[in-house]
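As given, the protein sequences belong to chains A and B, one line each in that order.
Sequential numbering of the first sequence, starting at 1, is according to the UniProt record's numbering.
Sequential numbering of the second sequence, starting at 1, is according to the UniProt record's numbering.
Backbone N, C-alpha and C fix where the C-beta goes; we use that ideal spot for every residue, glycine too.
These notes are about the structure you will find just below.
Protein chains: 2
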Amino acid sequence: MANSTLSRKIANTLSEEILKGELSPGDRLDEQSLADRFEVSRSPIRDALRELASTRLIEHQPRRGFAVATIDTATLRNLYEASGELEGLCAKYCALRADAVQREHIRMLHEQGLEAIRLHDMAAYAEANHALHRAIYDACHNDALRDITLDVRNRLSMFHARFLFSEGRVAQSWEEHQEVVDCILRNDGDGASDAMKRHVAKTAVNIISHITQDSRKPMRQPLTT
Amino acid sequence: MANSTLSRKIANTLSEEILKGELSPGDRLDEQSLADRFEVSRSPIRDALRELASTRLIEHQPRRGFAVATIDTATLRNLYEASGELEGLCAKYCALRADAVQREHIRMLHEQGLEAIRLHDMAAYAEANHALHRAIYDACHNDALRDITLDVRNRLSMFHARFLFSEGRVAQSWEEHQEVVDCILRNDGDGASDAMKRHVAKTAVNIISHITQDSRKPMRQPLTT
DNA sequence: TATCTGATTATTGTACGCAATAATGGGAGA
DNA sequence: TCTCCCATTATTGCGTACAATAATCAGATA
Chain A
1 MANSTLSRKI ANTLSEEILK GELSPGDRLD EQSLADRFEV SRSPIRDALR ELASTRLIEH
61 QPRRGFAVAT IDTATLRNLY EASGELEGLC AKYCALRADA VQREHIRMLH EQGLEAIRLH
121 DMAAYAEANH ALHRAIYDAC HNDALRDITL DVRNRLSMFH ARFLFSEGRV AQSWEEHQEV
181 VDCILRNDGD GASDAMKRHV AKTAVNIISH ITQDSRKPMR QPLTT
Chain B
1 MANSTLSRKI ANTLSEEILK GELSPGDRLD EQSLADRFEV SRSPIRDALR ELASTRLIEH
61 QPRRGFAVAT IDTATLRNLY EASGELEGLC AKYCALRADA VQREHIRMLH EQGLEAIRLH
121 DMAAYAEANH ALHRAIYDAC HNDALRDITL DVRNRLSMFH ARFLFSEGRV AQSWEEHQEV
181 VDCILRNDGD GASDAMKRHV AKTAVNIISH ITQDSRKPMR QPLTT
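Structure below.
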């Protein structure tokens, strides 16, 4: 990390802030303001913004600058549909190909989710949830598929960063994970795929209902304030 | 197009050159050389390169610059596996959701492929082939899935831009398309998906054997000459 | 001869300034 | 009061210069 460039560090910082929800969809990313904030010139800022744009966490329009990505409900549904299929594929290949160490790791992360629920620690559950999904991607033994799936997950997660799971939803989520993990541990590829698709679909319904009824801040707002 | 920026035009130009095979994997993209060639300063070149990097057609390493993306055979197989799954998904949703106009368009593009074969025009077949696949993505009614699938297709196509299909392979390819199109026209989602996955798998075998036996120019060469 | 080291060169990273374009705001007319 | 138009302002696009780092090469030593 020490030999990295300024622009890359800035891109990483902004990426984290977007994923954490500290920056909201539609927020404009003014080059000069960012330059002032990071105490650098506009040059590394421009590089960082273009690098970030490649993840689609921010959007660029020529001569109008960058803004944190917005989304409409139709695209949100499309992304969740794609995510379900992709996560299902990862789960399938994971069930068919994961080695013993990877399977044990997945089992352990699933346990950590249960522990988080026992402690009523929703943030810890969110973290365990993310780690479990990533472990499944990693164990699918296809880096290209893993990268694509993770990109979609990140694009989605920025839109519900501010919604914490309810305790009820968390318990349900863990049960759905249970099915996925069971299938993976017994090498049932199709079962794992189906279970994962169901899990993502239920998450989608949950999140979309939260977002659509949350009208404090519309998701699709024009670039200009 | 007229109100676009220099950097975007340059990015488009370079993208086309890579997809056409005029630039080869591993070719370094020197900022000053490109600036001289396009008769601009390095600024729009830098912007264009970072924009291009988002498609993964070129790769960037800090302080070592950009180069046309290279690939090893393992990653190539992974990409084809992902491509097969994604194209299969597009075909499935296309079969289930395409409207009458889209179905007719797909049927017509498939006919054009046959016409190209009759004329022994391999370039025309390649074009019809690409158009058919794109029409299927478009008709899947999920823009996110379409974009992801197209990106993977482009990443793959740059590696076999220089290999023209043999007449034998083209005939076989058309037959495989026939199965896909048949399923789509009769709303058979699973059949379309399976047929498309088989088609991509056969293409993969064909291309990979071409590439691996073509040792004139290794695909994975270090950035430094 | 091969390898290591230090100086030199080439290339990218960053800063800064001007130009071009878009956003903003105020005044005139209806 | 509302709308349109023009001047003003703010922001991005592009050019240029310098700094920092990596690549290259020559010479010394084993």
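Suppose the cutoff is 6 Å on Cβ atoms and the five residues either side in sequence are ignored; what does the same chain contact list for residue i look like?
i: Ser-54 of chain B; result: none
i: Arg-220 of chain A; result: The predicted position of Arg-220 of chain A is uncertain, since its pLDDT is 44 and thus under 50; a value taken from the coordinates is nonetheless stated next. Taken in chain order, the residues that qualify are Thr-70 and Asp-72.
i: Leu-96 of chain A; result: Gly-189
i: Ser-7 of chain B; result: Pro-44, Asp-47 and Ala-48
i: Ala-201 of chain A; result: Gly-84
i: Thr-224 of chain B; result: The predicted model places Thr-224 of chain B with a pLDDT of 27, which falls under 50 and marks its position as unreliable; any figure quoted below should be read in that light. Excluding positions up to five away in sequence, the list is empty.
i: Asp-143 of chain B; result: none
i: Ser-193 of chain A; result: Gly-88, Ala-91 and Lys-92
i: His-105 of chain B; result: Ala-135
i: Arg-28 of chain A; result: Ala-67
State the start and end residues of the unbroken alpha helix (DSSP H) segment that holds residue i.
i: Val-40 of chain A; result: From DSSP, Val-40 of chain A is part of no alpha helix (DSSP H); its letter is neither H nor E.
i: Ile-71 of chain A; result: No alpha helix (DSSP H) contains Ile-71 of chain A, which DSSP labels as neither H nor E.
i: Leu-145 of chain A; result: 143-157
i: Gly-21 of chain A; result: Element bounds for Gly-21 of chain A: n/a, residue is neither H nor E.
i: Val-206 of chain B; result: Reading off the sequence, residue 206 of chain B comes out as Asn, not Val. Per DSSP, Asn-206 of chain B belongs to the alpha helix (DSSP H) from 189-213.
i: Gln-185 of chain B; result: According to the sequence displayed, residue 185 of chain B carries Leu and not Gln. Where Leu-185 of chain B is concerned, the enclosing alpha helix (DSSP H) stretches over 167-185.
i: Asn-129 of chain B; result: 122-138
i: Ala-100 of chain B; result: 100-118
Look at residue i and residue j and say whether their C-beta atoms are less than 7 Å apart.
i: Glu-85 of chain A; j: Met-196 of chain A; result: no
i: Ile-10 of chain A; j: Ala-48 of chain A; result: yes
i: Ala-109 of chain B; j: Ala-131 of chain B; result: Rather than Ala, the amino acid found at residue 109 of chain B in this sequence is Leu. Closer than 7 Å, so yes.
i: Leu-23 of chain A; j: Val-68 of chain A; result: yes
i: Pro-62 of chain B; j: Thr-149 of chain A; result: no
i: Leu-79 of chain A; j: Leu-145 of chain A; result: no
i: Ala-100 of chain A; j: Val-180 of chain A; result: no
i: Cys-94 of chain A; j: Ile-136 of chain A; result: yes
i: His-199 of chain A; j: Glu-167 of chain A; result: no
Apart from the five residues on each side of it in sequence, which residues of its chain come closer than 7 Å, Cβ to Cβ, to residue i?
i: Arg-216 of chain B; result: With a pLDDT of 46 at Arg-216 of chain B, under the threshold of 50, the modelled position of that residue is not reliable, and the figure given next carries that caveat. So the list is empty, once near-sequence residues are dropped.
i: Leu-119 of chain A; result: none
i: Ile-117 of chain A; result: Tyr-125, Val-170, Ala-171 and Trp-174
i: Leu-185 of chain A; result: Arg-103 and Arg-107
i: Leu-52 of chain A; result: Ala-11, Leu-14, Ser-15 and Ile-58
i: Ser-41 of chain B; result: Ala-35
i: Leu-26 of chain A; result: A small correction: the amino acid at residue 26 of chain A is Gly; Leu does not occupy that position in the sequence shown. Same-chain partners within the cutoff: Ala-67, Val-68, Thr-70 and Gln-221.
i: Gln-112 of chain B; result: Ala-128
i: Arg-56 of chain B; result: Ala-69 and Arg-155
i: His-141 of chain B; result: Tyr-93 and Arg-97
i: Asn-206 of chain A; result: Arg-169
i: Gly-191 of chain B; result: Cys-183
In this structure, what does DSSP give as the bridge partners for residue i?
i: Leu-29 of chain B; result: B:Phe-66
i: Glu-59 of chain A; result: A:Ala-67
If I measure Cβ to Cβ from residue i and keep anything under 8 Å in the same chain, skipping five residues before and after, which residues do I get?
i: Ile-211 of chain A; result: Thr-73, Leu-76, Phe-159, His-160, Phe-163 and Met-219
i: Ala-82 of chain B; result: Val-152
i: Leu-114 of chain B; result: Trp-174
i: Ile-208 of chain A; result: Thr-73, Leu-76, Arg-77 and Tyr-80
i: Arg-50 of chain A; result: His-60
i: Lys-20 of chain A; result: Ala-161
i: Asn-187 of chain B; result: Ala-95 and Leu-96
i: residue 231 of chain A; result: Absent from the structure is residue 231 of chain A, since the part of chain A shown begins at 1 and ends at 225.
i: Thr-203 of chain B; result: Tyr-80 and Ser-173
Does the Cβ of residue i lie closer than 6 Å to at least one heavy atom of the ligand NAP?
i: Leu-29 of chain A; result: As far as ligands go, the structure on display features none, and thus does not contain the ligand NAP.
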